[in-house]
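Residue numbers (the numbering used here), protein chains in the order written: chain A, 123 to 467; chain B, 123 to 467; chain C, 123 to 467; chain D, 123 to 467.
Let me begin by presenting the structure, written as structure tokens, before commenting on it.
4 protein chains.
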Amino acid sequence: MTIKAAVVGATGYAGAELVRLLACHPNVEITGLSSTSFAGQTIDEIYPSFKKCTLPTLTDMDTAIAGADVVFAALPHGLSEPLAKQCAAAGSLLIDLGADFRLESEEEYEAWYKKSFDEPELHDGAVYALPELFRDRIRDAKIVANPGCYPTAAALGLAPALKAGLVKSEHVIIDAKSGVTGAGRSLTQNTHYPETNETISAYKVGSHRHTPEIEQSLSHMAGAPVKVTFVPHLLPVNRGIEETIYVPLAEGVTMEQVRTAYEAFYKDEPFVRIERDGISAQIRNITRSNFCDISLHLDKRCGMLIVCSCIDNMVKGAAGQAIQNMNLRFGLDETTGLDTLPAGF
Amino acid sequence: MTIKAAVVGATGYAGAELVRLLACHPNVEITGLSSTSFAGQTIDEIYPSFKKCTLPTLTDMDTAIAGADVVFAALPHGLSEPLAKQCAAAGSLLIDLGADFRLESEEEYEAWYKKSFDEPELHDGAVYALPELFRDRIRDAKIVANPGCYPTAAALGLAPALKAGLVKSEHVIIDAKSGVTGAGRSLTQNTHYPETNETISAYKVGSHRHTPEIEQSLSHMAGAPVKVTFVPHLLPVNRGIEETIYVPLAEGVTMEQVRTAYEAFYKDEPFVRIERDGISAQIRNITRSNFCDISLHLDKRCGMLIVCSCIDNMVKGAAGQAIQNMNLRFGLDETTGLDTLPAGF
Amino acid sequence: MTIKAAVVGATGYAGAELVRLLACHPNVEITGLSSTSFAGQTIDEIYPSFKKCTLPTLTDMDTAIAGADVVFAALPHGLSEPLAKQCAAAGSLLIDLGADFRLESEEEYEAWYKKSFDEPELHDGAVYALPELFRDRIRDAKIVANPGCYPTAAALGLAPALKAGLVKSEHVIIDAKSGVTGAGRSLTQNTHYPETNETISAYKVGSHRHTPEIEQSLSHMAGAPVKVTFVPHLLPVNRGIEETIYVPLAEGVTMEQVRTAYEAFYKDEPFVRIERDGISAQIRNITRSNFCDISLHLDKRCGMLIVCSCIDNMVKGAAGQAIQNMNLRFGLDETTGLDTLPAGF
Amino acid sequence: MTIKAAVVGATGYAGAELVRLLACHPNVEITGLSSTSFAGQTIDEIYPSFKKCTLPTLTDMDTAIAGADVVFAALPHGLSEPLAKQCAAAGSLLIDLGADFRLESEEEYEAWYKKSFDEPELHDGAVYALPELFRDRIRDAKIVANPGCYPTAAALGLAPALKAGLVKSEHVIIDAKSGVTGAGRSLTQNTHYPETNETISAYKVGSHRHTPEIEQSLSHMAGAPVKVTFVPHLLPVNRGIEETIYVPLAEGVTMEQVRTAYEAFYKDEPFVRIERDGISAQIRNITRSNFCDISLHLDKRCGMLIVCSCIDNMVKGAAGQAIQNMNLRFGLDETTGLDTLPAGF
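In structure tokens form, the structure reads like this:
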């Protein structure tokens, strides 16, 4: 099978990561790449790392998506709804890496994004596409809402405990650290090398837009509302997210039960790995791969379960998961094109 | 005034940082430096950065401390008690950078360090020396127990809120990140460059020995027992600690009250700075200085106070605070020799 | 075709990188992994990044190589000759990542390695295996002597200019910078994070053992002896080598001629890329790939050609090139298993 | 003595570093700080690291320099000539960190900066102020032209060898690596964290404007024209320059002679240190100090002297040297305010 794929917004980091992975996917032909800033150029003029790889010239969006079976959109928030309409009309599948279709509640969307749903009927066919948790619904999705990076690590890190009722789920604290590619390719003082290197800083404390998305997934898993205190930090590494998650164990629950629940939950998942006892999940073990590594810890004195959950923000947190969703949606093995092993150094 | 100072364990990172700062202190003459591994060498053979600075040759401990007014000990845990006895006999003040004299409760010490107090009477004269919180007691200390790095950032970060009863203090969560110098000069796989760079990892989750020391200070401030879930992470930077601290606000308390309490509490402190609203405390603003920077944040939806507290682990977290304590104890201005400004880049 | 492959010395960085790449090679079955230090363990106990990948348990060398079609050796210098004898007897191909078979001149080998050839007749069948320069000879190699990392970047960086006689080739200066994985997995003070980070330092100035290997390749290309001043530096990055190479242009030669010569020389090479005019080759464009990126510059005032040549020391400088050689030797497309695209971020 | 000092361009990195060092100088009162972008704000709004330090509010230039004994200018090239005129009229000393007054030859200035001297008579009173080489002339300077960062490391690294005629001085190759603060505070794609981290790249190869400045100093030392091939690289560290310098030894010269010449030349210099035999000068030993560390190496096979020369680009390469020049010019000990010791970690 050959899937014709277009990438809209191909020169941002998420877009470029899509190109990098799709170019090596055995069942994909890249038929279009769009860029607002660089239309007319070849992508290796912006990313010399892509030299020697034959890729379509950058064009405007309409040209790029023509004839595509699947359109990956890596756009600023708010631009995917019109594109979704266009894709629906053309019969191509939209896999949206933005936030436009992730929140089920329009009220929450308005509260956090200051915008209402322009096309409510499109939202009905959109599925929040975290395959490990919502695989069955994704198979029939009309629009694939690819999850955000932080929410992916959070949901995978807590799903088994919530699902099995092993924790007090009313309130969860997530202390997250992200590599700088998460802030994108645009220049800011915060991501200027001398001011990012040799430091760490919390940002958007208690106000990051991934908060409602995290709560949505955790609440689904718990079967009841979960509130999240979410604090992201900018970490001086290029890639990777580490989330340290704090949630009290339910009365009488043991770590053996927790570990058993996690191993059972992820037994057949190709991309989720539970660390051995005593080993902390860490970024370098998953970099440039689609894995999510999870470690389980107990603060016995306080009855607190501590979960470390790590993904590569550009892969499982963006482009890799989008391709996993494409594979799933087109009936391919989910690992197709995503089977590289991380080095650890 | 000229204070004769000796450094025991001068070639570890904390010892070398003491040498670096003491060498520029206007009221100090370094009269002895000891090293088990490098006795007989000059310290610039191990640290070429010290070239051109005239310093005593490295010797054994007994030679190094002879005639000193003050002895700084940067030793592995458990070696300071016999040294304390020797100093007491010689009439010199011991400033101990190790953990031997930090815990007031022998029971807690035994629980965490698997060792009892060998010299209980010495402990009676020892003072836990965090000047901003216990200044009065330090003035008469017979032994100065210099606080650990993580506990310093934690105690300064929470003291005003606890003291004023603005938070529910039964349980606090501290997510801490430390630069790699905190792990010392000894070689380990975890601190081997290719396995430390481009990653972050939690370690000693819920079991780090600084936990009881943090609880001791926080409980003093709260006037009631405080339990702490403490998770340190190894951060790919050389220096600095950032702690993100989570504690629920007490009923009806506003952020204005919190900010006012912090500013009042630290009004006359030369080394504690409260960030403007909206700015997160971060490592690069305090590196190589004795400052503790603190920022205050609210997760309104969950009623959670979030405090970011940053220090340089080698300065305010070790050598700098030790010198601040020496200044205090010898009647000098506390900032003497510690007045360099951090660059921020 | 399925090639049975064994890796001897699988837990060092070069060995682990071989495992990482071979595990995803479509025509390879890994049949044995040996480790002196970790025999009996699984490799994911040392490298948790390999979890979920089914790999043979670590064993001793004899067990690991039994039945293999190809044996990759990533051993300390001096241990490959006996292994070569064993492989010859067993009819398996040895691809040696060490230096034992790289130098053609025993005299040079003795001068730099303080050791003579133990098995001179084996050396007759060994080929210095830099495919872009010596492809024809490699096809019949009895032993594949995989080039060193620095020599690979140097030889590829200068071959076209030397071959075409465009430079004064008597003396070349190579200022090389290498990521820290080049120093291996063993712990040293020089590679302890706080002493490697935020610095750069030259080492083995004018005395690095790669010098004669570089001179051997450059002399072959020039058809006359080339002397090299070679200064490597330890660079605070994990991976990658950048070499800035200085050689005077021959009388009357223009940069157009130089550029034309390079583009012609590498026209059909899948792994060598010449940067556009004005762009410097840099590490981030080749990381984790088998590419060698080369940029060409002129110091017009001094008539000096300056070449920047970059490879990933672990891939094109070690494991990747070894697999390229295996592909070549077994009649596969040289890019098989090596076609991942670098991200550039 | 109290010197009234103003900093023009106080919010760029060089300006901020001046503020940082001047604020702790015992004989300086900072009386004015100017900033085009941030006039009206306090400098700790841009650099929170300066909190608690009482400093004048940022103003326009005219206000800032009023009444100053010394004006430090950290301006883009081309803006210092009019300021020099103003300072001359007001009787204040200008210490210029820009390039306007560094080149003695107007022809060279025009060739590299595409601009002629607007005020030739001012240039007559300007002195190229590298104290270790031109101390006597600086004492009477009307305008202090503070050297560039790369030229400082180069000139100090070669002066003794050139002065004593120990090398063939017609042509020198300098391979330089600089920390990212050298590129300034302005945002560029090249200094965006994810594109600067984990790489190294040459830039302005053979065309950097520091070239004629380096040649000017080296030619003075050699007493004959010296041509320089100069290739700077952007290094993923915040601070520091390492230059590896290649120059052939003169016939019959030994390394003992070289070492002796360097030690004699710098015997009384407080800020220049020659490393022991076998140790390479490296950035971490001089960071945040005014030291220049130099190591001497021989490639015996090629008769090549290799010198490694390291400075902190912001201190000895900019603000520190400017203060050293102020000290010299005002009759203070040159080390005043510059006596901090680097840590090495």
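Don't be surprised by glycine CBs; every beta carbon is placed ideally from N, CA and C.
Exposure of residue i, with buried meaning 16 or more beta-carbon neighbours within 10 Å
i: A:Lys389; result: exposed
i: C:Lys422; result: exposed
i: C:Pro242; result: exposed
i: A:Arg398; result: exposed
i: D:Ser159; result: exposed
i: D:Thr310; result: exposed
i: C:Lys438; result: buried
i: D:Ala233; result: exposed
Residues that residue i contacts on chain B, provided the C-beta gap is smaller than 8 Å
i: C:Glu320; result: Asn360
Three-state class that DSSP yields for residue i in the structure shown
i: C:Lys207; result: helix
i: C:Ser214; result: coil
i: D:Met426; result: strand
i: B:Arg395; result: strand
i: B:Gly304; result: helix
i: A:Asp415; result: strand
i: A:Pro242; result: helix
i: A:Gly154; result: strand
i: A:Cys175; result: coil
i: C:Lys126; result: strand
i: B:Ala248; result: strand
i: C:Ile265; result: strand
i: D:Val141; result: helix
Interface residues of chain C facing residue i [CB-CB closer than 9 Å]
i: B:Gln311; result: Arg307, Leu309
i: D:Gly328; result: His419, Leu420, Asp421, Lys422, Arg423, Cys424, Met426, Ile428
Interface partners of residue i on chain C, CB under 7 Å
i: B:Pro316; result: Val302, Thr303, Asn360
Under 9 Å from the C-beta of residue i: neighbouring residues of chain B
i: D:Ile401; result: Pro170
Under 7 Å by beta carbon: chain D residues contacting residue i
i: B:Arg142; result: Leu463, Ala465
i: C:Lys299; result: Ile322
i: B:Cys175; result: Leu463
Reference residue i, options the options, closest by Cα
i: B:Leu460; options: B:Gly189, B:Tyr272, B:Asn412; result: B:Asn412
i: D:Leu252; options: D:Leu356, D:Arg451, D:Thr458, D:Thr462; result: D:Arg451
i: B:Ile189; options: B:Gly131, B:Lys207, B:Thr321, B:Lys126; result: Going by the sequence as given, residue 189 of chain B is Gly instead of Ile. That would be B:Lys126, whose Cα lies nearest to the Cα of B:Gly189.
i: C:Gly220; options: C:Cys424, C:Pro198, C:Val369; result: C:Pro198
i: B:Gln446; options: B:Met426, B:Pro392, B:Leu463; result: B:Pro392
i: C:Gly287; options: C:Ala383, C:Leu180, C:Phe467; result: C:Ala383
i: A:Ser202; options: A:Gly134, A:Leu177, A:Ile265; result: A:Ile265
i: B:Glu151; options: B:Phe352, B:Gly162, B:Leu357, B:Ala186; result: B:Ala186
i: C:Asp191; options: C:Leu177, C:Ala210, C:Thr181, C:Thr179; result: C:Ala210
i: C:Cys414; options: C:Tyr272, C:Val353, C:Leu144, C:Ser291; result: C:Tyr272
Within chain D, partners of residue i - CB distance below 9 Å
i: C:Cys414; result: Simply none; closest approach about 15 Å.
i: B:Glu397; result: Pro170, Lys173
i: C:Val353; result: Asp297, Thr366, Tyr368, His419, Asp421, Ile428, Cys430
Per-residue contacts from residue i into chain B (C-beta, under 7 Å)
i: D:Cys146; result: Asp461, Thr462, Leu463
Closer than 8 Å at the beta carbon, the chain C residues around residue i
i: D:Arg331; result: Ordered by position in chain C, no residue passes the 8 Å Cβ test against D:Arg331, which lies about 13 Å from the chain.
Interface partners of residue i on chain A, CB under 8 Å
i: B:Tyr71; result: For residue 71 of chain B there is no data in the structure shown, the boundaries of chain B being 123 and 467.
| query | Below 8 Å, can you find three or more Cβ-Cβ pairs linking the segment 398–411 of chain D to the segment 431–448 of chain D? | reply | With a cut-off of 8 Å on Cβ pairs, the segment 398–411 of chain D is in contact with the segment 431–448 of chain D, counting three or more such pairs.
- Take every Cβ of the segment 317–333 of chain B, pair it with every Cβ of the segment 372–390 of chain B, and state whether three or more of those distances are shorter than 8 Å. Contact annotation: the segment 317–333 of chain B does not touch the segment 372–390 of chain B, with fewer than three C-beta pairs closer than 8 Å.
query: When the Cβ atoms of the segment 128–147 of chain D are set against those of the segment 291–310 of chain D, are three or more pairs found closer than 8 Å?
result: Contact holds: three or more Cβ-Cβ distances are below 8 Å.
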